[in-house]
Amino acid sequence: MAPRVLISDKLSAAAVEIFKSRGVEVDYLPDLGKDKDKLLAAIGQYDGLAIRSATKVTDKLLAAADRLKVVGRAGIGVDNVDIAAASAKGVIVMNTPFGNSITTAEHAIAMMFAVARQVPRADASTQAGKWEKSKFMGAEITSKTLGLIGCGNIGSIVADRAIGLKMRVVAYDPFLSDERAIDLGVEKVDLDTLFARADIISLHTPLTDKTRNIVDEAAIAKMRDGVILINCARGGLVDEEALRAALESGKVGGAGVDVFVDEPATENVLFGAPNLVCTPHLGASTSEAQENVALQVAEQMSDYLVKGAVSNALNMPSITAEEAPRLTPFVKLAELLGSFAGQLTETGLSGIRLEYEGEVAEMNVKALTAAALTGILQPLLQTVNMVSAPIMARERGIPVEEVRRGQAGAYESYIRLTVKTERQERSVAGTVFADGKPRVIQVKGINMEAELGPHMLYVTNEDKPGFIGHLGTLLGEAGVNIATFNLGRTAPGEDAICLVEVDGEVPAAVLERITGLPHVKQAKPLRF
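For the sequence shown, this note's numbering begins at 23 and goes up steadily by one.
As structure tokens, then:
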């Protein structure tokens, strides 16, 4: 029986034709996604569900989807999909992470011109029968300095267009290498330098815990008077109240805002501010972009349903059916090692080395490397997956080295990941035991054996008597239960590492007290 797909949101008609040409039956019901009850009643008939943003793929919907194998999101955002519930159900979630890049970049450039030349206000005034030529004095873009917060796929396109407009471009991106910056023709700077030098600032970074309100009152105070601010990336990157106050005072000369903390934004503190241009999340809204993502999602879903090929999946690696039994545990190990290193990396990456030793060196290390890169980049980029991670690393000019060698040590197979930054090299190694569970066997050259749980506490310290007791007492007094306690050291009295699995998050106040213990160098919570 041919696989059957439901398109429950508005997609290009070309997507329907792709499904049909690949031997997939398709029902195009673009308004069904808005009716939760009707969608719930129909979903059990389908192997695939193609959506945009209107359809909400909840745990309740997934529970009723007895045949469903894949959800394809035409676009990058998957906030409307319960990925954890889909994974538990065995449903692959795919997106199209690069189909909107040019369109979003062009919208940011358009917003720069609209703000700099006050186009919307001048248009409204002129069409109202006024002729207020002297009122709308603009500013040239040529020779101005553009500051990019984020210089990945979209940011690099904005940089290219801006350089074509004879602008100087400075960029802040923790993952942008010096070599990649040179290739792009941009100057890599730290955030404070960008704030101080940029005439126009444009944001092109995901919304994460580290980037939330990256432009707040304190950041605005560091900017040049009259700066123009553009946000076509994500709501929440800019403190909206702080921006409103800065627009009122004139500290910010103008702003172009396409995204808001709460959407749809029918009311917002920014509305009515001077020299503000707003659009309703139009970054991806061109006919070309909509066509691209529709075609991509149809191709990806068809390839999986007909051939079993997986691409751009957020919850499944690109592994063939033959490889899966042996490779899957090592994919999990590689991603855990990457996540471990990524969460401890505070500065820009200058290189990544992966060493595969023993039996694992004969496996599909491309998938393993992609899994490791996903783990490394996830803390800052959020939407990265096993397909996009190698591309994102390449875009940022991060060299990735793979080394394969035969068994030389005590373990039949192990993976060592080394992350190089501007300040140091940090390595972590792991293996998979007979129970199929990944273990960390070495951190920074210090041998240990630890299984990584959801909540871990990583502590580096000098090996001195009493440390373990002090640490256990602090956690106990805070009501933090210890599940496992793993130790390693270079030699008595020298550098030591402690990996503690705990039953929940360690409060910030407790972390501060742990950091203040004698001989402690670092204490950091890790999530897996």
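Glycine residues also receive a C-beta, built at the ideal position from the N, C-alpha and C atoms. Just so it is clear, the structure is predicted and the values come from calculations on it, not from any experiment.
For N117, the beta-bridge partners assigned by DSSP are R95. C-alpha of A150 to C-alpha of D57: approximately 41 angstroms in a straight line. Rounded to whole angstroms, M470 and L336 show a C-alpha spacing of 31 angstroms. DSSP places I163 in the coil class of the three-state scheme, outside both helix and strand. Per DSSP, reduced to three states, the secondary structure at G55 is helical.
Along the length of the segment 117-194, whole beta strand (DSSP E) runs at least 3 residues long occupy 167-171, 190-194, reported in chain order. It is roughly 15 angstroms from the alpha-carbon of Q140 to the alpha-carbon of A130.
K188 counts as exposed, since fewer than 16 other C-beta atoms from the protein chains shown sit within 10 angstroms of its C-beta.
Note on the segment 282-346: whole alpha helix (DSSP H) runs with a minimum of 4 residues are 309-324, in chain order. Its Cα nearest to that of A392, the residue L358 stands out among L358, T367, T369. When the Cα atoms are used, D247 and V524 turn out to be separated by approximately 48 angstroms. Bounds of the alpha helix (DSSP H) holding T215 are 213-219. Between I236 and L259, the gap from beta carbon to beta carbon is short of 8 angstroms. Judged by DSSP in its simplified three-state form, M478 adopts strand.
For Q365, the number of other beta carbons within 10 angstroms of its own is at least 16, and it is reported as buried. Excluding residues up to 5 positions away in sequence, P421, K442 lie with their Cβ nearer than 6 angstroms to the Cβ of G373 in the same chain. Contact holds between the segment 79-93 and the segment 112-126, because three or more Cβ pairs, one in each stretch, are under 8 angstroms apart. Rounded to the nearest whole angstrom, the C-alpha separation of G494 and V542 is 14 angstroms. Taking a C-beta distance under 8 angstroms as the contact criterion, L496 and I536 qualify as a contact pair. Fewer than three pairs of CB atoms, one per stretch, sit closer than 8 angstroms, so the segment 293-312 makes no contact with the segment 321-334.
For D200, the enclosing alpha helix (DSSP H) starts and ends at 200-206. Nearest neighbour of A37 by Cα position, chosen from I73, L62, A64, turns out to be I73. DSSP places K442 inside the beta strand (DSSP E), whose first and last residues are 435-443. By the CB criterion at 8 angstroms, A451 and R438 fall inside the cutoff. A255 sits in coil when the DSSP states are folded into three classes, being neither helix nor strand. For Q544, there is no enclosing alpha helix (DSSP H); the enclosing beta strand (DSSP E) has its first and last residue at 542-549. Take E484, set aside five residues on each side of it, and the residues of its chain with a beta-carbon closer than 6 angstroms to its own are H541, in chain order. Within the same chain, Cβ atoms closer than 7 angstroms to the Cβ of G275 are found at G248, V249, I250, N297, the five residues on either side in sequence being excluded. A straight line joining the alpha-carbon of V481 with that of F550 spans about 16 angstroms.
Under the three-state reduction of DSSP output, Q464 falls in the strand class.
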